[in-house]
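Written out below as structure tokens is the structure these notes cover.
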Amino acid sequence: ETYPTLSSLSSAPDGARALKLWVEELNYKVDDQVLTNFAPPEEASIVFVLEPQFPTEDELAAMDEWIEEGGTLIAIGEQYGMFSLIDHYKFFFNYLPDNEGTPSNETPLLDSPSALDLTNIQIGIALGSDRDDYVTLISYQSQPVLVSFEQGRGRVILGTVTEAFTNAARHASARRVDV
């Protein structure tokens, strides 16, 4: 069966099944249902939205309400559906002229061995915004590619570092940590 990029059901190199299994190992309950209309489960504390497919205004409103109540949204992607989501939060894509080099952690939080492995990540799109209330977590060529900001009692994390969430990246990271 063929799954879209970053599907938590996919064990292909561009899938995210390894991320799902890692999150389960951290003792988080994972619900990877494919829904026609999305609304965050009330009991969820974190929701990953990987390469979203054109979220509707009703879905965005439900997400905003859940975030305002204390939820954390982690949205990662670089396709057009992600553009719709980041636009909702007043961000836009900056297309980069080349993808030579390695992204940089901008916060010690991401230096943990089990965090994102950025070694061989190809970045083609950065984030831009006129907002002044976000923190850059990862940058590439001095432009943000993973950002975080508060919304109500919750938090939104947006990024274009899609490769870092793939099975291939998780497996490479696990091999380096085990050595």
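Residues in the sequence shown are numbered from 22 upward in steps of one, following this note's numbering. No residue lacks a Cβ here, since even glycine has one placed at the ideal position from N, Cα and C.
Please state the DSSP three-state secondary structure of residue i.
i: S169; result: strand
i: I142; result: coil
i: G182; result: It is worth fixing the name first, because residue 182 is Val in this sequence and not Gly. The answer is coil: DSSP assigns V182 none of H, G, I, E or B.
i: A33; result: coil
i: A82; result: helix
If residue i and residue j are in contact, beta carbons under 8 Å, what's the gap, nearest whole angstrom?
i: L167; j: V177; result: So it is not a contact: roughly 12 Å between Cβ atoms.
i: L148; j: L179; result: 6 Å
i: L27; j: E72; result: 5 Å
Do you know whose CA, among the options, lies nearest residue i's CA?
i: I67; options: F186, G180, G175; result: G175
i: V79; options: I88, A60, E72; result: As written in the sequence, residue 79 is Asp, which differs from the Val given in the question. Of I88, A60, E72, the residue nearest in Cα terms is A60.
i: Q143; options: S160, E184, S105; result: E184
i: I88; options: E22, P62, E121, M103; result: P62
i: Q54; options: S29, D35, F75; result: S29
Buried or exposed: residue i, going by 16 or more other Cβ atoms within 10 Å of its Cβ?
i: S163; result: exposed
i: P134; result: Any reading at P134 must be qualified, since the residue scores a pLDDT of 48, below 50, and its modelled position is unreliable; the value itself is stated next. Classification for P134: exposed.
i: L82; result: The sequence given here places Ala at residue 82; Leu does not occur at that position. Flag for A82 reads exposed.
i: T187; result: buried
i: S31; result: buried
Cβ contact check for the segment 105–120 and the segment 147–157: 3 or more pairs under 8 Å | yes
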